[in-house]
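>
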Amino acid sequence: MYNIWLFAIDKNLQQGYGSPDNFYVTINQGQRSYLDYLLGEYQQYQVQRPIPVVSFGGNERIRDSLAPLIYGAVLPITPTTGISSFPSDYEYVDNMWSIYGNYNIRFIQQDRLDSFIHSGIDPVIDNPVYLIQHEGFHFFPDRPYGDNQAKLSYVRNAPSIVWGYVLDSNGIERYNPATSQNPVWSDTDCLQIIIRALALVGVNLQFGTVLQYSQEIKQRGQ
Amino acid sequence: MTRKQYIEQIRRLIYGGQPSDDAEISVGLVNQWLNQAIGVAAKQNYKDNYSLDGIGYVSNSFYSKFTGIAITGGSNFLWSISLPQIPLGIGAQDGLSTLQLVDSDGRITQPFVLLTENQKTYFDSMRPIPNKVLGYYEGKTLYAKSTLVLSQYTANVTMVSGGLSTDLTSTLIIPDDYIPVMTEYLKQQLLFERMQPVDVQQDGMDAVKTT
């Protein structure tokens, strides 16, 4: 990825150069931007209808792209408060189930809590729900389906991409696999991340060609 | 077909496939509507029978028997039986057809004679019918008038019902030719719900009124 990124910005040294540190900053910003895009950017929401052009769960293609970041976890729930902390690398909920049997635990927003808790048709004792708040997931009832645990499927933060290097005798960076961290994405997704990183480089260098190239690919595809 | 299967069929119809975990039209909600849809189907059957035969009645296929129901009370020789559901309001008393008692050895009585509300007003002053016990139902309670101690028996009742609504694995007791009547009713109600604008903003205003 570093070579492709470098190729785009420093065809000749007069136009620009990106160091491995620059690469680290921009490429990780690029993958965060791409992750946001796949999960559904707010900017694409329509008024009164929060459905972006691309969103998590839109189809199998998107889920395939995110597959390297979709993890499962068993959440311990504090029985007195019904709260469970977010996993340390948590980014976005995929789904929540009971620890046994994969019964649904439904996400609701705070303004629906009263309706759900006091429902006469679907009481929360049999149809547990959870809120998202700063402490983590808040379950109703405190022990969903009578257990102190729940199963979570979630999207984690993308691990940092690092082009590790050592300096040779001439002071030139040489690739060092020992300190490098490869991207978890597929090759096609890597290209999407590179063009987002290039957009940042283009702005930094006031390099219109790079910026235009990245914008065109982002908007129109390959 | 079980209740659960039919409810799944309806939900898949409404959602155009398997519903997601966010589905507002839950199993419990459809089950609630289903009880009402059964009533609509039974009423339609009553009308159909009337138009075909000239006599209003509900076909046998709609009836379910519930057994082992406890009998309580006894003051003034009036015994009460809590029915599994309020009998449907079809005809004078077509909602519930038969009441019989069972003793501890499993022996079953002759069916009771069930009265309408009008007949109830004068049956006390009538000569007793030999070897027959009279009864009537109001709401969810069935009353039996007898000088015998009925609390030592349990009751079997046969009534128009889709089966046990609290058990989703129970068989849905509706003939196939009236399933579409229920389906049309459920579609009408549930698609109406689906079409309603949803207040997605927590701003103290009902979205429907602000748009």
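Each protein sequence line maps, in turn, to chains A and B.
With the numbering used here as the guide, the letters of the first sequence map in order to residues 4 to 225.
With the numbering used here as the guide, the letters of the second sequence map in order to residues 329 to 539.
By construction, the Cβ of each residue, glycine as well, lies at the ideal position given by its N, Cα and C atoms.
Per DSSP, what kind of secondary structure is B/R339 in: helix, strand or coil?
Residue state, collapsed to three classes: helix.
> So, does the CB of B/Q360 fall closer than 7 Å to a CB anywhere in chain A?
Chain A, which has a Cβ nearer than 7 Å to the Cβ of B/Q360, makes this yes.
> For B/R339, tell me which candidate among B/K515, B/P525, B/M523, B/S403 has the shortest Cα-Cα distance.
Comparing Cα positions, the closest option is B/K515.
> Using 7 Å as the threshold, is the C-beta distance between B/N388 and B/S493 below it?
For B/N388 and B/S493, no; Cβs fall outside 7 Å.
> Using a C-beta to C-beta distance shorter than 7 Å, which residues of chain B count as neighbours of A/I229?
What the structure shows of chain A is the stretch from 4 to 225, and residue 229 of chain A is not part of that stretch, so it cannot be assessed.
> On a CA-only basis, which of B/V461, B/V386, B/G419 is nearest B/T444? Give me that one, please.
Residue B/G419 is the option with its Cα nearest to B/T444.
> From the beta carbon of A/I54, is the nearest beta carbon of chain B less than 7 Å away?
It does not: the Cβ of A/I54 has no partner Cβ on chain B nearer than 7 Å.
> Going by other Cβ atoms of all chains shown within 10 Å of its Cβ, with 16 needed for buried, is B/F440 buried or exposed?
Looking at its Cβ environment, which holds 16 or more other Cβ atoms inside 10 Å, B/F440 is buried.
> Please compile the residues from chain B whose C-beta is within a distance smaller than 7 Å of the C-beta of A/G97.
It should be noted that the sequence gives Asp, not Gly, for residue 97 of chain A. The premise fails here: A/D97 is roughly 10 Å from chain B at the closest Cβ pair, so nothing lies under 7 Å.
> Would a check of beta-carbon distances place B/S354 closer than 7 Å to chain A?
Yes, B/S354 lies at the interface with chain A (some Cβ there is under 7 Å from its Cβ).
> Can you list, in chain order, the residues of its chain whose CB lies under 8 Å from that of B/Q330, leaving out five sequence neighbours each side?
The sequence shown places Thr at residue 330 of chain B, rather than the Gln named in the question. L496, T497, S498, T499, L500, listed in sequence order.
> What residue range is occupied by the uninterrupted alpha helix (DSSP H) comprising A/M99?
Run containing A/M99: none in the alpha helix (DSSP H); it sits in the beta strand (DSSP E), 93-101.
> Determine the direct distance from the alpha carbon of A/D114 to that of B/G278, and round the result to whole angstroms.
Chain B is shown from 329 up to 539; residue 278 of chain B falls before or after that span and cannot be answered.
> Over the uninterrupted alpha helix (DSSP H) stretch that includes A/W8, give me the two end residues.
First-last of the alpha helix (DSSP H) with A/W8: 5-12.
> Buried or exposed: B/R455, going by 16 or more other Cβ atoms within 10 Å of its Cβ?
Its Cβ having fewer than 16 others within 10 Å, B/R455 is exposed.
> Which of the residues in the region 130-162 of chain A, read from start to end, lie with their CB under 8 Å from any CB of chain B?
Hits within the stretch, in order: N130.
> Give me the Cα-Cα distance between B/P347 and A/I65, rounded to the nearest whole angstrom.
Taking the straight line from one Cα to the other gives about 20 Å.
> When the Cα atoms are used, what is the spatial distance from B/Y334 to B/I502?
Rounded to whole angstroms, B/Y334 to B/I502 spans 11 Å at the Cα level.
> With B/M487 as the anchor, note down where its beta strand (DSSP E) starts and where it stops.
B/M487 -> beta strand (DSSP E) spans 482-488.
> By DSSP, does B/K473 sit in helix, in strand, or in coil?
Strand at B/K473.
> Tell me, please, which residues DSSP counts as bridged to B/Q447.
Answer is none; B/Q447 lacks a bridge partner.
> Name the chain B residues that come within less than 7 Å of A/G124, Cβ to Cβ?
It should be noted that the sequence gives Ile, not Gly, for residue 124 of chain A. In chain order: G356, L357, Q360.
> So within the region 153-220 of chain A, which uninterrupted alpha helix (DSSP H) runs reach at least 4 residues, ignoring any that extend past its ends?
Correct list: 190-207.
> Take B/F390 and list the residues in its own chain whose beta-carbon comes closer than 6 Å to its own, dropping the five residues that flank it on each side.
Excluding positions up to five away in sequence, the list reads A370, V488.
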